[in-house]
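To get this note's numbering, take the position in the sequence shown, counting from 1, and add 983.
We put the beta carbon where it would ideally sit given N, CA and C, even for glycine.
For reference, the structure discussed in these notes is given below.
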Amino acid sequence: MSRDLIKLRMLAPSVAAAAIALAVLATGARLRADAPAAPAYVPSISDLMIATVQPRHIRLWIAAHAGNWEFSGYELGNMKGAFNRIGRAHPMVDNNSFPEMVAAVTQQPFADLGEAIKGKDTAAFDRAYSDLTVACNSCHQATNHAAVVIRAPAAGSVADQDFAPMASQ
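Written out as structure tokens, the structure is:
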């Protein structure tokens, strides 16, 4: 037997196995392409409010009352971002634009909170925070969720976070 024939006989099983593997992979890919896509999971507005907005609302208040203005500003930005992301996930609520509803009720309180934080003014912060809270509750009422009533925290505690300002503040 020639060396070329011996090499061919040695390679034949590997070539056959590779051909079978490619056929199986191609069939699997075709089956996946034909299969219906699994529906994407989108958390409800309530899920997102409880998970992303409410904690920021609380931490915003705690940080300001601890004199941690840097963190207050950080949480205000996070709260705005959370509302924006909810609006992308749920652009319409009862045939109304969610982003427009949120902007209508939060634009002024957010601006006032930003100024109070920048000025490190607790009294102005409390007024703006109260206005934001009233605005949120009015939105809950307008969207038939009047049972959802938020308020300023009664006490400043989030068990795993230190709200004291850093020495450089």
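- Approximately 6 Å separates the beta-carbon atoms of Thr1116 and Ile1133; this is inside 8 Å, confirming the contact.
- Judged by pairs of C-beta atoms under 8 Å, the stretch 1094-1111 does not touch the stretch 1076-1084, as fewer than three such pairs exist.
- The beta carbon of Ala1107 sits closer than 6 Å to the beta carbons of Ala1099 from its chain, once the five residues preceding and following it are set aside; these are given in chain order.
- DSSP places Met1075 in the strand class (E or B) of the three-state scheme.
- For Arg1110, the enclosing alpha helix (DSSP H) starts and ends at Thr1105 to Ala1125.
- At the C-beta level, Ala1049 and Ala1147 come within 7 Å of one another.
- Residue pairing by DSSP leaves Ser1027 without any beta bridge partner.
- Membership of Val1088 in the alpha helix (DSSP H) is indicated by the continuous run Phe1081 to Gly1102.
- Under the 10 Å beta carbon count, Val1025 is surrounded by fewer than 16 other beta carbons and is classified as exposed.
- The beta carbon of Val1076 sits closer than 8 Å to those of Ile1028, Met1084 and Thr1126, all from its chain and outside the five residues before and after it, given in chain order.
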